[in-house]
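Start counting the sequence shown at 19; every next residue gets the next number (this note's numbering).
Glycine included, each C-beta is placed from N, C-alpha and C at the ideal position.
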Amino acid sequence: MKVLEYILIVTFVFFGNTLNAQEDKEKQKELREAQQYLSDATDALEENNFPQAEAEYRKSIAINPANDTGKYNLGNAYYEKEKNGEAMLRFKQAAAVATNKPEKHKAFHNLGNTFMNEKKYKEAVEAYKNALRNNPTDDETRYNLALAKKMLEEENKNGGGDEGDKEQKKQDENKEDQQNKDNQDQQNEGDKGDKEKDKEQDQGEKKEDKKEGDNQEDKGKPEEKEEQGDKKPQQQPQPGKLSPQQVKSLLEAMNNQEKKVQEKINAKKTKGAKVKSNKDW
């Protein structure tokens, strides 16, 4: 009986070790595949084939999600292509799964850079602090931290640090713009009304002027009629004697002739004089 128990125990141990060995073998195979995908992604980047590199990195991450290398490298690839949002996500993932300080430091440092690109200075400060906790001697991270703090202070000084304040400020600006627009509309309406009034007034004045002119014209017609009625008939000229009308015409002709002679004399006196012209400027 004891011998049988011993045989069964040995059998179970053997099969258990066999299963573990099989699982380890499968695991090792997956790890090798993930590593191969990483290598292929690196080659694709060197050939400037970003889509292929992205696909290879994703395959490696899917097979071995616990490895931070694929996530970190993919984050760097996104960062170089100025895909800041995607890079931020991958650096966060890399920092979460990294198992040693150097890897955590690099992931947090680059994560801080993505926050700076988005002008999220508060988050950038925290990321750089985490990077320095894992590598206090990195001068570049220390410089970036100082810069992020300075930008954060300036943002808070200008009242832009709180998202609620930003939203309130935006609403106030929109309200002010709308009020200015309403005031402008009211002013335009007032100007339009004044123009209408001026137009009506002008039309009224024109009507009054026309009416007054018509009245004056009407008043003038009877006077003309009266003048025509009061006119006396001209005297008939007698033979051998000039009529008053003929004497008047003769005097006018003599005066006109004298006037023409005087004008010629005056023209000769003023012939060389310069004349200044008036110009409209």
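Using only the alpha-carbon positions, how far apart do S57 and A112 sit? Numbered from 1 along the sequence shown, position 39 holds the residue referred to as residue 57. Numbered from 1 along the sequence shown, position 94 holds the residue referred to as residue 112. A straight line joining the alpha-carbon of S57 with that of A112 spans about 18 Å.
Using only the heavy atoms of the ligand ATP, determine whether one of them is closer than 7 Å to the beta carbon of S267. Because no ligand of any kind appears in the structure shown, any question about the ligand ATP cannot be addressed here.
Going by Cα to Cα distance, which pick from A52, N152, Y97 is closest to R76? Residue mapping note: residue 76 aligns to position 58 of the sequence shown, counting from 1. Ranking the options by Cα distance to R76, first place goes to A52.
Return the chain-ordered list of same chain residues with a C-beta closer than 7 Å to the C-beta of K110, the five sequence neighbours on each side being excluded. As a working mapping, residue 110 is identified with position 92 in the sequence shown. Exclusion of the five residues before and after K110 leaves L129 as the residues of its chain whose Cβ lies within less than 7 Å of its Cβ.
Residue burial classification, Y161 (beta-carbon count within 10 angstroms, cutoff 16): In the sequence shown, counting from the first residue as 1, residue 161 sits at position 143. So Y161 counts as exposed.
Extent of the continuous alpha helix (DSSP H) to which K119 belongs: Counting from one through the sequence shown, the residue named residue 119 turns up at place 101. In the DSSP assignment, K119 falls within the unbroken alpha helix (DSSP H) covering 119-135.
Among A125, E65, N118, K119, nearest to L92 - alpha-carbon criterion: Taking the sequence shown and counting its residues from 1, the one referred to as residue 92 is at position 74. Closest by alpha carbon: A125.
Are T132 and Y97 closer than 8 Å when you measure CB to CB? On the sequence shown, residue 132 is found 114 positions in, with the first residue counted as 1. On the sequence shown, residue 97 is found 79 positions in, with the first residue counted as 1. Pairing T132 with Y97 gives a Cβ-Cβ distance under 8 Å.
Would you grab the beta carbon distance between A149 and D157 for me? Rounded to a whole angstrom, and I think it's under 8 Å. Here residue 149 refers to the residue found at position 131 when the sequence shown is read from its first residue. Here residue 157 refers to the residue found at position 139 when the sequence shown is read from its first residue. Not confirmed; about 12 Å, so no contact.
Measuring alpha carbon to alpha carbon, tell me which residue in K175, A62, I81, K147 is nearest E44. Position 26 of the sequence shown, counted from the first residue, corresponds to residue 44. Ranking K175, A62, I81, K147 by Cα distance to E44 puts I81 first.
What residue range does the alpha helix (DSSP H) around N91 cover? Taking the sequence shown and counting its residues from 1, one reaches residue 91 at position 73. Its alpha helix (DSSP H) spans residues 86-98.
A84 versus V115: straight-line alpha-carbon distance, rounded: The residue you call residue 84 lines up with position 66 of the sequence shown. The residue you call residue 115 lines up with position 97 of the sequence shown. Spanning the two alpha carbons is a distance of roughly 6 Å.
Report yes if the C-beta distance between K140 and L170 is below 8 Å; otherwise report no. Taking the first residue of the sequence shown as 1, we reach residue 140 at position 122. Taking the first residue of the sequence shown as 1, we reach residue 170 at position 152. Closer than 8 Å, so yes.
Please state whether DSSP places A73 in a helix, a strand or coil. In the sequence shown, residue 73 corresponds to position 55, counting from 1. A73 falls in the helix class under three-state DSSP.
Is the CB-CB distance between A71 and A105 below 8 Å? On the sequence shown, position 53 is the one that residue 71 refers to. On the sequence shown, position 87 is the one that residue 105 refers to. Not a contact, by the Cβ cut-off of 8 Å.
Using the Cα positions of F68 and D61, report the straight-line distance between them to the nearest angstrom. If you number the sequence shown from 1, residue 68 lands on position 50. If you number the sequence shown from 1, residue 61 lands on position 43. Their Cα atoms are separated by approximately 10 Å.
Label T117 either buried or exposed according to how many other C-beta atoms from any shown protein chain fall within 10 Å of its C-beta, with 16 as the threshold for buried. Translated into positions along the sequence shown, residue 117 becomes position 99. Result: exposed.
Where P255 falls: helix, strand or coil (DSSP): The count along the sequence shown starts at 1 and reaches residue 255 at position 237. The predicted model places P255 with a pLDDT of 45, which falls under 50 and marks its position as unreliable, so this point remains unresolved.
Since N153 and P120 are thought to touch, with beta carbons under 8 Å apart, how far apart are those beta carbons, to the nearest angstrom? If you number the sequence shown from 1, residue 153 lands on position 135. If you number the sequence shown from 1, residue 120 lands on position 102. Right, the Cβ-Cβ distance comes to about 7 Å (below 8 Å), so this counts as a contact.
For N162, which three-state DSSP category applies? Locating residue 162 in the sequence shown gives position 144, counting from the first residue. Helix at N162.
Could you say which of H123, G88, K99 lies nearest to R108 if we only look at CA atoms? Residue 108 sits at position 90 when you count from the first residue of the sequence shown. It is G88 whose Cα lies nearest to the Cα of R108.
Taking the alpha-carbon positions, what's the A142 to K167 distance? Along the sequence shown, one-based indexing puts residue 142 at 124. Along the sequence shown, one-based indexing puts residue 167 at 149. Distance from the CA atom of A142 to the CA atom of K167, rounded to whole angstroms, is 9 Å.
Pull up the distance between the alpha-carbon of E64 and that of K175, whole angstroms please. Your numbering for residue 64 matches position 46 in the sequence shown. Your numbering for residue 175 matches position 157 in the sequence shown. Between E64 and K175, the C-alpha separation is close to 45 Å.
Per-residue DSSP class, three states only, for G103: In the sequence shown, the residue the question calls residue 103 occupies position 85. Correct three-state label for G103: helix.
C-beta contact flag for Y146 and H127 at 8 Å: Residue mapping note: residue 146 aligns to position 128 of the sequence shown, counting from 1. Residue mapping note: residue 127 aligns to position 109 of the sequence shown, counting from 1. Going by C-beta atoms, Y146 is nearer than 8 Å to H127.
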